[in-house]
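**Student:** For the sequence shown, this note's numbering begins at 100 and goes up steadily by one.
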Amino acid sequence: MKVAFFSSKSYDQEYFTRINESYGHELRFFETRLDSQTIQIARHYDAICAFVNDKVDSKTIKKMKRRGIRLLVLRNAGFNNVDLEAAAGNGITVLRVPAYSPEAVAEHALALILTLNRKTHKAYNRVREGNFSLERLVGFNISGKTAGVIGTGAIGKAFIRLLKGFDMKIVAYDPYPSDELKRQGIQYTSLEELLSLSDIISLHCPLTPDTKNMIKAQTLEHVKQGAMLINTSRGKLIDTEAVIQALRVKKLGSLGIDVYAEEEKLFFKDLSEMIIDDDVISRLISLPNVLITAHQAFLTREALEQIAHTTLRNLSDYEKGTVNPDNEVNIRHFQKTT
Ligand code: NAD
Numbered sequence: 100m101k102v103a104f105f106s107s108k109s110y111d112q113e114y115f116t117r118i119n120e121s122y123g124h125e126l127r128f129f130e131t132r133l134d135s136q137t138i139q140i141a142r143h144y145d146a147i148c149a150f151v152n153d154k155v156d157s158k159t160i161k162k163m164k165r166r167g168i169r170l171l172v173l174r175n176a177g178f179n180n181v182d183l184e185a186a187a188g189n190g191i192t193v194l195r196v197p198a199y200s201p202e203a204v205a206e207h208a209l210a211l212i213l214t215l216n217r218k219t220h221k222a223y224n225r226v227r228e229g230n231f232s233l234e235r236l237v238g239f240n241i242s243g244k245t246a247g248v249i250g251t252g253a254i255g256k257a258f259i260r261l262l263k264g265f266d267m268k269i270v271a272y273d274p275y276p277s278d279e280l281k282r283q284g285i286q287y288t289s290l291e292e293l294l295s296l297s298d299i300i301s302l303h304c305p306l307t308p309d310t311k312n313m314i315k316a317q318t319l320e321h322v323k324q325g326a327m328l329i330n331t332s333r334g335k336l337i338d339t340e341a342v343i344q345a346l347r348v349k350k351l352g353s354l355g356i357d358v359y360a361e362e363e364k365l366f367f368k369d370l371s372e373m374i375i376d377d378d379v380i381s382r383l384i385s386l387p388n389v390l391i392t393a394h395q396a397f398l399t400r401e402a403l404e405q406i407a408h409t410t411l412r413n414l415s416d417y418e419k420g421t422v423n424p425d426n427e428v429n430i431r432h433f434q435k436t437t
């Protein structure tokens, strides 16, 4: 199939081009973000391949249909950026990579925790400048502390496996608890109870109308004083202003995020010579107890290989008329997760 890749980076080109040797599709890589304007460059393609911050709204979808494109393949798991109702209404099939390497994201969440806690990012900079002082580098023992895992799907489960190695107490919240985890002794609680018990809270649920701003002023009231909040899922799960306020009054002790509510205009770009036109992220960056990475939790060799294989297989399956139902996202799926 002839496929137009949007928001593509050097690593997408490298992995997809190499792995496509065994699939034989015709791939064209565009760096531009997909939206209702940029879709114009996709002339004479069979499919569009999009990523997390591409804007696949009803306008984009209608234009896809007008160009004769009937397939959208997402090279990621989340699909909150796709108007599924418009896709169904315009006969566009949406396929995704539901799970590629949950360990990659779980390990990044852990990296944020360890870095924030033991301040290795600050120590690294200090030592490079000949500053060997330990002042203000005090952390806490993770062993024996309580972790609250919100969302216990593929990534939440992988994260829990890692936490066990740290000898942590683990509580979880998920409207669909896992029997497997219950059998392992993981205790499910209400969201409020989890927030009140946890020294470290980590978000691993999808962004849906139900979960949008699940961490807001009201919920932050339940948080244990000084807790660490980690978000590697989607930025809009947290009300950033409310979280900044909670950091200010020391209700939250620290924040580690790989995702940001308004990341579309910032992440995946080198803006180092520009003035960042976003006061909220500028305030976050200025706080000493906040660590931000730019949506890189998925970025391991293993994950990139798996993403390329599943995406290319999705294209081949569609061509043969044998779509894998587990990889298809449709409006029914969306209704189930809300
Ligand atoms: P998954 O579908 O396997 O698991 C999601 C879990 O969240 C499910 O168990 C579901 O029941 C639960 N859930 C649904 N609504 C909830 C709610 N209101 N409260 C608590 N839990 C709820 O998904 P996954 O593969 O584990 O991925 C989780 C999320 O991680 C994705 O939706 C995506 O947003 C994010 N993600 C981020 C990156 C990154 O690079 N930062 C990469 C991949 C995925």
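The beta carbon of each residue, even a glycine, is placed where N, CA and C say it ideally should be.
The structure presented is a predicted model; accordingly, all values stated were derived computationally and were not measured.
(1) Alpha carbon to alpha carbon, how far is isoleucine 430 from histidine 207?
(2) What residue range does the beta strand (DSSP E) around valine 193 cover?
(3) Check tyrosine 114 in the structure and name its three-state DSSP category.
(4) Answer with buried or exposed for lysine 435, where buried requires no fewer than 16 other C-beta atoms within 10 angstroms of its C-beta.
(5) Quick check on DSSP: helix, strand or coil for serine 353?
(6) Below 8 Å between beta carbons: does that hold for leucine 236 and valine 270?
(7) What does the alpha-carbon distance come out to for the pair asparagine 423 and phenylalanine 150?
(8) Please report the straight-line C-alpha distance between histidine 124 and isoleucine 384, rounded to a whole angstrom.
(9) With burial defined as no fewer than 16 other Cβ atoms inside 10 Å of the residue's Cβ, what is the status of arginine 127: buried or exposed?
(10) Please state whether DSSP places asparagine 330 in a helix, a strand or coil.
(11) Is it true that the CB of threonine 331 sits closer than 8 Å to the CB of valine 358?
(12) Any idea if histidine 303 is buried or exposed, counting beta-carbon neighbours within 10 angstroms, 16 or more meaning buried?
(13) State the CB to CB distance for the pair threonine 159 and serine 135, rounded to an integer number of angstroms; the pair is presumed to be in contact (CB under 8 Å).
(14) Assign glycine 352 to buried or exposed, taking buried as 16 or more other Cβ atoms, counted over all protein chains shown, within 10 Å of its Cβ.
(15) Since isoleucine 269 sits in a beta bridge, which residues does DSSP pair it with?
(16) Hey, how far is the Cα of arginine 174 from the Cα of valine 428?
(17) Grouping DSSP H, G and I as helix and E and B as strand, with all else coil, what is glutamine 283?
(18) Glycine 247: beta carbon under 7 Å from a heavy atom of the ligand NAD?
(19) Cβ-heavy atom distance between serine 415 and the ligand NAD below 7 Å?
(20) With DSSP as the reference, identify every bridge partner of serine 301, one or two as the case may be.
(21) Please list, in chain order, all residues of the same chain as alanine 345 whose beta carbon is under 6 Å from its beta carbon, the five residues on each side excluded.
**Tutor:** Reading from the atomic positions:
(1) 31 Å
(2) 192-194
(3) helix
(4) With a pLDDT of 41 at lysine 435, under the threshold of 50, the modelled position of this residue cannot be trusted; read the value that follows with caution. Exposed is the call here.
(5) strand
(6) no
(7) 20 Å
(8) 42 Å
(9) exposed
(10) strand
(11) yes
(12) buried
(13) 5 Å
(14) buried
(15) Ala246
(16) 13 Å
(17) coil
(18) no
(19) no
(20) Val248 and Ile329
(21) Leu319 and Leu351
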